[in-house]
Structures are given as C-alpha cells and as structure tokens.
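Let me begin by presenting the structure, written as structure tokens, before commenting on it.
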Amino acid sequence: MPSTPRVSPGVAALALTLAACGDSTSASDSASASASASASATITTLPLTGGESSGVTPTTTAAEGSGTLAVTGGVTGDSSGAASTTDPLKFDLGVMPDVPPIGGCGGGGGDMPAFSYIWIANSVEGTVSKIDTKTGVEVGRFTSTPIMAGLGDVNNGPSRTSVNLYGDAAVANRNGGVTKIAAQAKDCVDTNGNGVIDTSTGPLDVKPWGQDECVLWHHPTPTDPLAYNEGPRPLAWVGKLDAAMCPEKNPPLWVGYYNLAQNIGIFERLDGATGTMTNTVTVPWSGQNWGPYGGAVNKEGDFFVTGWATGPAVRIDFETVTPTVYQPPPASFYGMALDSKGELWVAGCDASIYHLEPESQVWTVVGQGPGCLRGIQVDTMGRAFIAHNGFPGGLVVVDTATKTIINGNVPLPGSQTPVGVSIDVEGFVWVVDQGGWAYKVDPETYQVVLQVTGLNQPYTYSDMTGAGLNLVVNPPG
Numbered sequence: 388m389p390s391t392p393r394v395s396p397g398v399a400a401l402a403l404t405l406a407a408c409g410d411s412t413s414a415s416d417s418a419s420a421s422a423s424a425s426a427s428a429t430i431t432t433l434p435l436t437g438g439e440s441s442g443v444t445p446t447t448t449a450a451e452g453s454g455t456l457a458v459t460g461g462v463t464g465d466s467s468g469a470a471s472t473t474d475p476l477k478f479d480l481g482v483m484p485d486v487p488p489i490g491g492c493g494g495g496g497g498d499m500p501a502f503s504y505i506w507i508a509n510s511v512e513g514t515v516s517k518i519d520t521k522t523g524v525e526v527g528r529f530t531s532t533p534i535m536a537g538l539g540d541v542n543n544g545p546s547r548t549s550v551n552l553y554g555d556a557a558v559a560n561r562n563g564g565v566t567k568i569a570a571q572a573k574d575c576v577d578t579n580g581n582g583v584i585d586t587s588t589g590p591l592d593v594k595p596w597g598q599d600e601c602v603l604w605h606h607p608t609p610t611d612p613l614a615y616n617e618g619p620r621p622l623a624w625v626g627k628l629d630a631a632m633c634p635e636k637n638p639p640l641w642v643g644y645y646n647l648a649q650n651i652g653i654f655e656r657l658d659g660a661t662g663t664m665t666n667t668v669t670v671p672w673s674g675q676n677w678g679p680y681g682g683a684v685n686k687e688g689d690f691f692v693t694g695w696a697t698g699p700a701v702r703i704d705f706e707t708v709t710p711t712v713y714q715p716p717p718a719s720f721y722g723m724a725l726d727s728k729g730e731l732w733v734a735g736c737d738a739s740i741y742h743l744e745p746e747s748q749v750w751t752v753v754g755q756g757p758g759c760l761r762g763i764q765v766d767t768m769g770r771a772f773i774a775h776n777g778f779p780g781g782l783v784v785v786d787t788a789t790k791t792i793i794n795g796n797v798p799l800p801g802s803q804t805p806v807g808v809s810i811d812v813e814g815f816v817w818v819v820d821q822g823g824w825a826y827k828v829d830p831e832t833y834q835v836v837l838q839v840t841g842l843n844q845p846y847t848y849s850d851m852t853g854a855g856l857n858l859v860v861n862p863p864g
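Per the numbering used here, the very first residue in the sequence shown carries number 388; after that it's consecutive.
Here it is, written out as structure tokens:
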C-alpha cells in the first residue's frame with residue numbers, strides 16, 4: 388500500500404473549488420422524442436499486446452447492419468497488518484467543511500477533503516451500503532426501495548448506484564424506482580421533528596423504509612417488480628457546476644428502464660431536488676429481452692447507454708433530448724464507462740473489449756480477456772480496469788490511449804464473481820464481488836490493500852464513487 392495518499396489530478400483540481408455551495412436550480416423544458424439518428428460505424432479489431440493476456444486471437448467477423456470490420460462489514464488489511472487509519476481523510480467529490488472558502492466556494496479543507504464513500508448495493512436485501520474508502524468501514528446501510536416484491540432474488544433489487552459532484556448518491560432498483568440518499572447529515576431532513584437526524588450508522592442499523600432521514604426521495608417507475616429484466620438499471624448524475632464553479636447540490640439525474648411488450652428503452656431525466664421527471668425519450672431496443680443496462684454521462688451531460696449482449700449503444704443529447712443510436716459490432720455487451728474524452732468503452736461477456744469514438748462513429752475491438760468481462764472504470768491515468776470472471780476472477784487492465792492490454796489477468800485472491808469496478812479519489816481500484824465483499828486494489832502494484840466483508844450478495848455496476856463523473860467534468864491536464 389502506498390505510504391502517502393495519491394490524489395488523482397482531476398480530483399485534486401476539483402478539491403480546490405468544492406465546497407458547501409449554495410443550492411442551484413436548473414430548468415429544462417419537457418420533451419418527448421423517439422430515436423432519430425442511427426450512426427454508421429467502422430469497426431477495427433486490434434491485436435492483444437503487453438501484459439499477461441489470455442492469448443486469444445481475435446477472428447474476422449462480418450458486422451451486422453451498417454459498417455465494416457477490419458481485423459487488426461469487516462475490513463481486511465494488507466500483508467502489513469490492519470488497515471491504517473492515520474493517513475489524512477479523503478473523499479469522492481464531496482464537500483470540505485469547516486475551513487475558509489477556497490476559489491469562491493464555501494467550505495474546503497486541509498490537505499485532503501473531508502469524506503470519501505463508495506455506495507454498494509446489497510441486492511437480495513434491498514439495501515445500499517455506504518463505505519468509507521479510506522478505512523473500509525461501513526458507516527451506513529440504507530433501505531433503497533419501498534417495494535418488497537422481488538427481493539431475495541439475486542437478479543432483482545438494487546444494482547446500480549451513482550454519485551454526483553456534490554457527494555450525494557442515487558440507487559436504481561431493478562424491482563422498481565430510483566432513490567436519492569444524502570451523503571452528509573446537514574442535507575438530511577428532520578421529518579419527525581425530534582431535533583436530530585435519524586439515520587443509519589452501519590450495517591446493523593438499517594432503518595425501515597420511510598424512517599431514515601437521509602433518504603431524500605423515491606421516484607417510482609412503471610415497471611413490474613418481478614420483471615427484473617425491465618427494471619431501472621442505467622443511472623447517471625449530470626456534472627453541473629454553478630457560476631462560482633462549485634458543484635450544484637441538485638443536478639439532473641438520468642435513468643433508463645424497459646418496456647418488453649413494446650421492445651423500447653425508456654429514459655427519464657429527473658429533477659435532482661425532488662425526483663420529478665422533467666424529460667423523457669424512448670428508443671427501440673435490441674437487448675435480447677433485457678432493457679437498458681449501463682449508463683454514464685459526458686461533460687455536456689449527454690447520457691450514454693448500452694444494452695445487454697447485442698446492445699444497442701445510444702447517446703441522448705442533454706439539450707435536445709434526442710437520441711443517436713450507434714450500430715454496434717457483433718458483440719455481447721456487459722459493463723460500460725466513459726474515458727476522460729467522453730469516449731465509450733464496453734466490456735463484453737464474450738471476453739472482448741470494445742471502444743467507440745462517438746464523433747467518427749468508429750468501433751474498435753481492442754482485445755480479449757480470459758473470461759466474461761463485467762464492470763469497467765477508467766482512471767485519470769487513462770487505464771481501464773475491467774472485472775473478469777475467468778475462473779478464478781480478476782482484473783484486466785487496458786491503456787485507453789494506445790488501446791493495448793497492459794495486464795490480461797490481475798488476480799484477486801479468493802474471488803468468486805467480481806462484478807462492478809470503481810475508482811476512489813486516491814486512484815485505488817474497487818472491485819465488488821458477489822461472494823459478499825469488495826476489494827481495494829493498488830493500481831500500480833495490483834496488491835489488494837484492503838477488503839471489506841459483510842456485504843450481502845452485492846451486485847453493483849456504474850459510478851459508485853463519483854470518480855467517473857469527475858473524470859469527464861474535470862479531465863486531467
């Protein structure tokens with residue numbers, strides 16, 4: 388484990404301006420549209436290079452549709468002992484209280500910001516865990532939905548979380564609805580008027596629905612709680628800053644779900660303060676009876692979404708709420724993320740790694756991992772970390788600048804089913820494993836420096852820390 392914290396360049400820049408900024412509202416006109424653009428794509432396959440690759444050689448495949456293909460709880464510390472708690476605290480895109488204002492924003496603070504959380508869903512029990520990424524301590528566990536139907540099924544319940552630049556979290560529940568949770572007690576609401584904020588303090592203190600005062604709102608969706616293939620999955624806050632370049636407290640939130648009978652993806656943009664829908668759009672879908680699967684936004688607030696397996700890949704313009712559909716290569720899509728340039732990276736359960744340059748509409752097949760690829764996240768150094776289920780599971784590391792595989796198999800000791808990947812503010816890589824834990828991995832040495840246990844069949848993709856959003860809003864350099 389590094390002896391001193393590493394602060395990612397983009398986050399360090401943001402830390403100079405983040406603060407307890409005043410509320411800011413954003414108005415957007417209601418709109419409804421259907422898919423109006425379909426992008427013609429060129430597809431390139433690159434050979435595997437570097438690292439411990441799987442040795443699988445890509446084969447030539449004809450592209451379908453337009454385009455062509457050219458082949459080319461508890462905490463476990465590291466080996467030095469228990470996890471250290473002596474280093475300065477850090478955060479993931481939250482505020483820095485109790486020091487003089489910096490850069491026009493109120494708050495701010497010290498050498499490191501005040502808090503750092505990763506939000507991991509415990510799918511079968513319908514909760515989300517709030518974990519301090521520095522200490523590995525679970526400091527809260529929240530009921531994420533009022534809907535009990537479907538819980539207990541590993542395929543159902545909450546699965547995607549998203550953290551905004553202010554630090555608050557949202558969680559999408561596959562059995563229906565989206566819920567917002569405040570990261571700081573000062574933003575919670577004393578609904579019972581007892582003069583204190585009643586909220587969870589850890590995994591053994593889960594409040595019943597409606598009794599945790601840091602759960603701010605729930606937006607229902609018109610989906611069947613038992614039809615988990617239709618429920619909300621892709622989820623992403625917009626990275627809005629106010630006039631003082633402070634993160635807006637209540638930015639818009641995108642979410643997507645599925646209507647199987649009509650075979651359409653439905654996307655809503657919500658008011659971050661109330662959860663009220665302000666915009667909606669529908670897109671014809673092709674995810675083999677599965678709805679929209681992964682989502683992320685670029686700097687402009689456009690919502691990128693991919694479907695499961697056969698896609699599609701879609702970008703919904705923030706201003707016009709008009710979708711552009713990118714014809715994907717023959718693929719088996721799973722996880723997705725954007726890099727600092729806002730370009731799309733997709734991990735495939737066919738073990739392939741896909742890249743889309745949206746403006747040129749060129750797809751590249753970068754290479755293959757040792758097994759089904761799941762969650763993916765890109766760090767400020769331009770490295771994509773991808774969970775794989777190659778039995779045993781691990782990570783694949785890709786250089787997004789050169790489109791080469793740096794390491795084809797980073798082992799995760801004791802792994803069962805690694806799923807989601809996220810990056811914390813110091814650059815450490817977090818991997819959620821359905822076995823009931825999460826790994827914290829050093830991106831340089833690949834050493835597991837901390838392991839959080841006590842999770843309940845966790846299944847979380849998407850931007851669990853907010854670092855993915857910060858990467859596109861405040862890119863390095």
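By construction, the Cβ of each residue, glycine as well, lies at the ideal position given by its N, Cα and C atoms.
Inter-residue spacing [alpha-carbon to alpha-carbon] between residue i and residue j
| i | j | result |
| --- | --- | --- |
| residue 507 | residue 540 | 17 Å |
| residue 548 | residue 754 | 28 Å |
| residue 666 | residue 834 | 44 Å |
| residue 632 | residue 523 | 31 Å |
| residue 849 | residue 725 | 11 Å |
| residue 847 | residue 790 | 26 Å |
| residue 599 | residue 857 | 28 Å |
| residue 844 | residue 805 | 11 Å |
| residue 510 | residue 794 | 30 Å |
| residue 811 | residue 567 | 20 Å |
| residue 740 | residue 695 | 14 Å |
| residue 720 | residue 581 | 49 Å |
| residue 565 | residue 601 | 15 Å |
| residue 626 | residue 776 | 32 Å |
| residue 615 | residue 685 | 27 Å |
| residue 654 | residue 711 | 13 Å |
| residue 502 | residue 648 | 44 Å |
| residue 798 | residue 664 | 43 Å |
| residue 412 | residue 624 | With a pLDDT of only 37 at residue 412, under 50, the local geometry of the prediction cannot be trusted, and the value read off the model is given with reservation. Approximately 14 Å, taken between the alpha carbons. |
| residue 472 | residue 519 | Interpretation of residue 472 is limited by its pLDDT of 34, a score under 50 that renders its predicted location unreliable; the figure taken from the coordinates is listed afterwards. Roughly 11 Å between the two C-alpha positions. |
Whether residue i touches residue j by CB criterion (8 Å)
| i | j | result |
| --- | --- | --- |
| residue 808 | residue 772 | yes |
| residue 670 | residue 682 | no |
| residue 642 | residue 628 | no |
| residue 620 | residue 556 | no |
| residue 656 | residue 639 | yes |
| residue 605 | residue 662 | yes |
| residue 612 | residue 562 | yes |
| residue 769 | residue 722 | no |
| residue 780 | residue 788 | no |
| residue 608 | residue 644 | yes |
| residue 584 | residue 577 | yes |
| residue 650 | residue 677 | no |
| residue 718 | residue 751 | no |
| residue 758 | residue 738 | yes |
| residue 860 | residue 729 | no |
Exposure of residue i, with buried meaning 16 or more beta-carbon neighbours within 10 Å
| i | result |
| --- | --- |
| residue 535 | exposed |
| residue 706 | exposed |
| residue 570 | buried |
| residue 802 | buried |
| residue 747 | exposed |
| residue 800 | exposed |
| residue 636 | buried |
| residue 675 | exposed |
| residue 579 | exposed |
| residue 521 | buried |
| residue 832 | exposed |
| residue 691 | buried |
| residue 423 | Interpretation of residue 423 is limited by its pLDDT of 41, a score under 50 that renders its predicted location unreliable; the figure taken from the coordinates is listed afterwards. It counts as exposed. |
Any chain B beta carbon closer than 8 Å to residue i
| i | result |
| --- | --- |
| residue 676 | Included in the structure is just one protein chain, with no chain B present. |
6 Å Cβ shell around residue i - same chain, five flanking residues per side excluded
| i | result |
| --- | --- |
| residue 827 | 815, 817, 836 and 837 |
| residue 851 | 505, 506, 548 and 809 |
| residue 603 | 567 and 569 |
| residue 596 | 530 and 533 |
| residue 435 | Only weak support exists for where residue 435 lies, its pLDDT of 34 falling under 50; the coordinates are left without a value. |
| residue 660 | 637 |
| residue 687 | 705 |
Proximal residues to residue i (C-beta, below 7 Å), its chain only, five neighbours per side dropped
| i | result |
| --- | --- |
| residue 527 | 517, 586, 587, 588 and 589 |
| residue 700 | 693, 713, 715, 731 and 743 |
| residue 689 | 702, 703, 704 and 705 |
Cutoff 8 Å; reference residue i; Cβ partners in own chain excluding five residues on either side
| i | result |
| --- | --- |
| residue 617 | 610, 611, 644, 645, 646, 647 and 678 |
| residue 764 | 724, 771, 772, 808, 809, 810, 816, 850, 854 and 855 |
At 3 residues or longer, what runs of the beta strand (DSSP E) sit wholly inside the segment 673-747?
679-684, 690-694, 700-703, 710-713, 720-725, 731-735 and 739-744
In chain order, which beta strand (DSSP E) runs of at least 3 residues are fully inside the segment 618-651?
622-624 and 640-646
Going along the chain, which unbroken runs of the beta strand (DSSP E) with 3 or more residues stay wholly within the segment 524-581?
525-530, 545-550, 556-560 and 565-568
Suppose only complete runs of 3+ residues qualify. What are the beta strand (DSSP E) ranges in the segment 584-620, listed by chain order?
602-606
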